Structures are given as structure tokens and as C-alpha cells.
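If you count by numbering that gives the first Met the number 0, then the sequence shown holds residues 0 to 145, one letter each, in order.
Take a look at the structure below.
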Amino acid sequence: MSDVDLSFYFNVRSRETALCQLAAKALAQGLRISVLAASEGDAHELDRLLWSIPQTGFLPHCAADDPRAAATPVIVDHRPALLPANPVVFNWTGAAITPPAGCTRLIEIVDQDDDERARARARWLDYKAAGVTPRAIDLQEQGRRG
């Protein structure tokens, strides 16, 4: 796991919007993406989200067991064992995870909610205990500079 680049994007106004923006950026770089959801219900919510943001488009995606998965750049699923070996993985589970095979970039997105921030701090410590040094990226600060 120490070979994985782990980034915590924090101070985001909307986790959902940040997920779509960061995923679109990775896709523009030609990278394939997995989004690991906590449950089947969360995966369905993410499915709807990726069809609606941005308003003028969508991010092509499907579940890991969909027949089109091999040709689809974004996989959304709640079953880690089914995720393909995509280099970019967004953790949407709320708990620290072991990156799936092939993952070189693990991304956590943290909004401004105090409870979410506390859970993210716990995940940060879990990752550090596993030998990974997370990197913090303050999106609010980046917005002031950009």
C-alpha cells in the first residue's frame, strides 16, 4: 500500500460535485477510474449523480459486473473484489480501505461537515498506521489562489 499516492481533498462544498470534477480531470488525462461505494444503495446514488453532473454532459460509467465494464472508463461498485485494476480509485465508503490491485492513486473527498471531517481524520490515522503518508489538498485554499 505504500506505493499508492493517497490524497485527501478537503474543504469541499459538495463531495458529489468534487467527485465529478476530479473524475472528469482524470478521464481527460486518459486514466480509468473506480469509485468504491459503501453499499449497493450508495452505488445507485452515485450512478444517478454521474448521469447528472455536469449539467451539460455525463461521465460514462457502469457497475463492475456490467457487460460493458471492460470498455467503460468509470466503474462504480460496492464490491471491492469486483473492481478492475484501474489506476485511480475514489473511496466513497466512509472507512479506510486497502487499495484494489492496480490502484496507484487513492482519493478521499472530505466536505466541510464537522462529523465528516472527524471521520476523515480517523481514516487519515488508519492509513498512516498502514504505512501510507496521505497528502492533504485544501480545495478552499486552491480556490482562493486560482
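Glycine included, each C-beta is placed from N, C-alpha and C at the ideal position.
Note that the structure is a prediction, hence the values are computed from the model and not measured.
Legend entry - Segments assigned beta strand (DSSP E), at least 3 residues, entirely inside the segment 20 to 81: Every beta strand (DSSP E) of 3 residues or more that sits fully in the segment 20 to 81 is shown, in chain order, as 32 to 36 and 73 to 76.
Legend entry - Bridge partner(s) assigned by DSSP for Ser6: DSSP output for Ser6 lists Ile106 and Arg134 as bridge partner(s).
Inset, instruction - Starting from Asn85, follow its DSSP beta bridges and name the residues at the other end. - result: None; Asn85 has no bridge partner.
Inset, instruction - Determine, using beta-carbon pairs with one atom in the segment 114 to 126 and one in the segment 58 to 66, whether at least three such pairs fall under 8 Å. - result: Per the Cβ contact rule, the segment 114 to 126 is not in contact with the segment 58 to 66 (fewer than 3 Cβ pairs under 8 Å).
Legend entry - Beta-carbon gap between Arg99 and Leu105 smaller than 7 Å: Reading the sequence as shown, one finds Pro at residue 99 and not Arg. In this structure, Leu105 does not lie closer than 7 Å to Pro99 by Cβ.
Inset, instruction - Evaluate Thr132 with the Cβ neighbour count: other Cβ atoms within 10 Å of its Cβ, from every protein chain shown; 16 or more gives buried, anything less gives exposed. - result: Exposed.
Legend entry - Cβ neighbour criterion (16 or more within 10 Å) applied to Lys127: Lys127 comes out exposed.
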